[in-house]
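A.B. asks: So the sequence shown is numbered by our numbering: it starts at 30 and just counts up by one. One structure is given below, represented as structure tokens, and several questions about it will come after.
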Amino acid sequence: MFMRVNKLQIDLPAPKKMDPNAGAALQELLGGKYGEMSTLNNYMFQSFNFRSKEKLRPFYSLVASITAEELGHVELVSNGVAMLNNGPDSDADEEDGGDISDAPFEDMTDIRLAAAFLSNGGGATPSNSGGIPWNNDFVTTTGNVVMDLLHNFHLECGARLHKLRVYETLSDPTGREVCGYLLVRGSVHAHAYALALKKITGVDIEKMLPTPNIPLAKIPECQKYLDEGSHRRLYTFSPEDYTEMAGIWGNGEMALPTDPPGELEVVDGMPEGGKIHQLTGVPSAFTPDYAPEEMFEIGVKLYKASR
């Protein structure tokens with residue numbers, strides 16, 4: 030089962046401006062072929078279908094724990110998309126819908142992914158940067174441990190390539206922070222699957238890393254995560270389960286030569302996390318509604334009753 034915590038995995042800086050085209054680019058990291066929906070569903074269904082879980086516990090634990098992290102990555106990218114579509118932080122919702130007959134959102138006809146506004150109210154969906162829905166054909170779960178681990182290694186390297194390209198299209202700090210963090214964590218996952226393959230086949234596949242060949246140290250948004258050792262950590266995302274993956278990610282294994290040195294470690298639980306930003310209510314876009322005052326009043330009453 031999964032437990033949900035009302036935090037993002039990291040703190041995201043607020044956008045400097047509303048930038049729906051940047052939000053559209055970030056959608057690639059959510060619903061693209063190598064996006065977070067793909068990594069999540071590949072590892073999740075592999076973990077559900079894993080044969081001989083007890084006999085191959087370290088390998089099962091590795092895939093299962095990374096599954097939980099990927100669920101948080103879906104949440105992180107989705108929030109980044111919504112934040113870029115929303116614009117700078119504001120505690121004040123718009124007070125009324127204004128004159129909707131005056132085409133208040135005429136500029137939305139010029140954005141690359143108009144459906145993000147027209148259908149989704151500025152929110153994220155499991156689709157790529159062109160609005161094409163994510164689909165099950167991106168999932169590989171063969172039941173063969175070596176085949177699945179090799180696919181996962183390929184998937185993480187492909188995801189790294191996508192993140193680097195998306196990073197190069199963005200200038201806003203929100204999107205770049207998402208990319209920087211995911212590049213570090215994706216490198217961890219690629220390294221983990223490489224080590225798992227090494228344990229089970231004897232092949233030094235980690236020598237292929239980083240793929241593509243751009244060290245994280247060249248990317249400013251990666252620096253604080255490297256400094257705090259995030260490139261050396263895998264989290265169990267559980268109070269007591271999945272610790273067996275230390276047989277793969279640990280036992281004297283070291284960080285990649287292109288990253289700051291140190292021994293790999295398994296950390297019980299999850300990262301400290303950061304806040305979830307509040308998206309501004311826009312009545313003229315019917316988000317949450319055209320005249321939401323009564324809705325807000327009900328929400329306040331329910332909140333007080335819950336205390």
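Yeah, the Cβ is synthetic: ideal placement off N, Cα and C, and Gly gets one too.
Using 10 angstroms around the beta-carbon of G172, count the other beta-carbons present and answer buried if the total reaches 16, otherwise exposed.
C.D. replies: exposed
A.B. asks: Give the secondary structure of P162 by DSSP, where H, G and I count as helix, E and B as strand, and everything else as coil.
C.D. replies: strand
A.B. asks: State the Cα-Cα distance for the pair A223 and V295, rounded to the nearest angstrom.
C.D. replies: Approximately 16 Å between the Cα atoms of the pair.
A.B. asks: Cβ atoms of R80 and E273: under 8 Å apart, would you say?
C.D. replies: Taking 8 Å as the Cβ cut-off, E273 and R80 do not qualify as a contacting pair.
A.B. asks: My output table needs one value for S156: the three-state DSSP class, helix, strand or coil.
C.D. replies: strand
A.B. asks: Report all residues from its chain with a CB closer than 8 Å to the CB of P290; omit the five preceding and five following residues, and keep chain order.
C.D. replies: Cβ within range, chain order: M283, A284.
A.B. asks: Hey, would you say E99 sits closer than 8 Å to L59, going by beta carbons?
C.D. replies: No, they are not a contact pair.
A.B. asks: With DSSP run on the structure shown, which of helix, strand or coil describes R261?
C.D. replies: helix
A.B. asks: In the DSSP assignment, find the unbroken beta strand (DSSP E) run with E294 in it and report its ends.
C.D. replies: 294 to 296
A.B. asks: Could you check if D270 is buried or exposed, using at least 16 other CB atoms within 10 Å of its CB as the buried criterion?
C.D. replies: exposed
A.B. asks: Excluding five sequence neighbours on each side, which residues of the same chain lie with their C-beta closer than 8 Å to the C-beta of V207?
C.D. replies: Only L41, L55, L58, L105, V106, G109 meet the Cβ criterion.
A.B. asks: Looking at I338: is its Cβ nearer than 8 Å to the Cβ of L37?
C.D. replies: Examination of residue 338 is not possible in this model, given that the chain is present from 30 through 336 alone.
A.B. asks: Which ranges does the alpha helix (DSSP H) cover as unbroken runs of at least 4 residues, wholly within the stretch 219 to 297, from first to last along the chain?
C.D. replies: With a minimum length of 4 residues, the unbroken runs of alpha helix (DSSP H) contained wholly in the stretch 219 to 297 fall at 252 to 256.
A.B. asks: With distance defined between alpha-carbon atoms, name the residue in A334, Y332, N78, P317 nearest to N149.
C.D. replies: P317
A.B. asks: Excluding sequence positions up to five away, which residues of its chain have a Cβ less than 7 Å from the Cβ of E301?
C.D. replies: none
A.B. asks: Who are T316's beta bridge partners in DSSP?
C.D. replies: V311
A.B. asks: Three-state secondary structure (DSSP) at G126?
C.D. replies: coil
A.B. asks: Does the stretch 193 to 207 touch the stretch 174 to 181, meaning 3 or more C-beta pairs lie closer than 8 Å?
C.D. replies: no
A.B. asks: Report the option in S216, L255, F146 whose CA atom is closest to the CA atom of H183.
C.D. replies: That would be S216, whose Cα lies nearest to the Cα of H183.
A.B. asks: Identify, in the order they occur along the chain, each residue of the same chain with its Cβ nearer than 8 Å to the Cβ of P321, setting aside the five sequence neighbours on each side.
C.D. replies: Excluding residues within five positions, the ones whose Cβ falls inside 8 Å are D122, G310, P312.
A.B. asks: Compare the Cα-Cα distances from Q279 to each of R262, S67, T169, E323 and report the closest residue.
C.D. replies: The sequence shown places Gly at residue 279, rather than the Gln named in the question. That would be R262, whose Cα lies nearest to the Cα of G279.
A.B. asks: If we ignore side chains and look at the alpha-carbon of each, how far apart do K62 and N71 end up?
C.D. replies: 11 Å
A.B. asks: Does the stretch 44 to 53 touch the stretch 138 to 153, meaning 3 or more C-beta pairs lie closer than 8 Å?
C.D. replies: The stretch 138 to 153 is in contact with the stretch 44 to 53.
A.B. asks: If contacts are defined as beta-carbon pairs under 8 Å, then A225 and F88 qualify, I think. What distance do you get, rounded to the angstrom?
C.D. replies: About 6 Å separates the Cβ atoms of A225 and F88, confirming a contact at the 8 Å cut-off.
A.B. asks: Please look up how many angstroms separate the CB atoms of L331 and D288, rounded, as I've assumed it's under 8 Å.
C.D. replies: 48 Å between Cβ atoms; not a contact.
A.B. asks: Tell me, which residues are paired with L37 by DSSP?
C.D. replies: G303
A.B. asks: Check whether the Cβ atoms of L199 and C251 sit closer than 8 Å, and answer yes or no.
C.D. replies: no
A.B. asks: List the endpoints of the continuous alpha helix (DSSP H) containing P87.
C.D. replies: 86 to 115
A.B. asks: Check for me: the alpha helix (DSSP H) holding I327 runs from which residue to which?
C.D. replies: 322 to 335
A.B. asks: Considering only the alpha carbon of each residue, which of F315, F325, E326 lies closest to D128?
C.D. replies: F315
A.B. asks: Using DSSP with H/G/I as helix, E/B as strand and the rest coil, what is Y210?
C.D. replies: helix
A.B. asks: First and last residue of the alpha helix (DSSP H) that includes G52?
C.D. replies: 49 to 55
A.B. asks: Under DSSP, the alpha helix (DSSP H) around T68 begins and ends at which residues?
C.D. replies: 65 to 78
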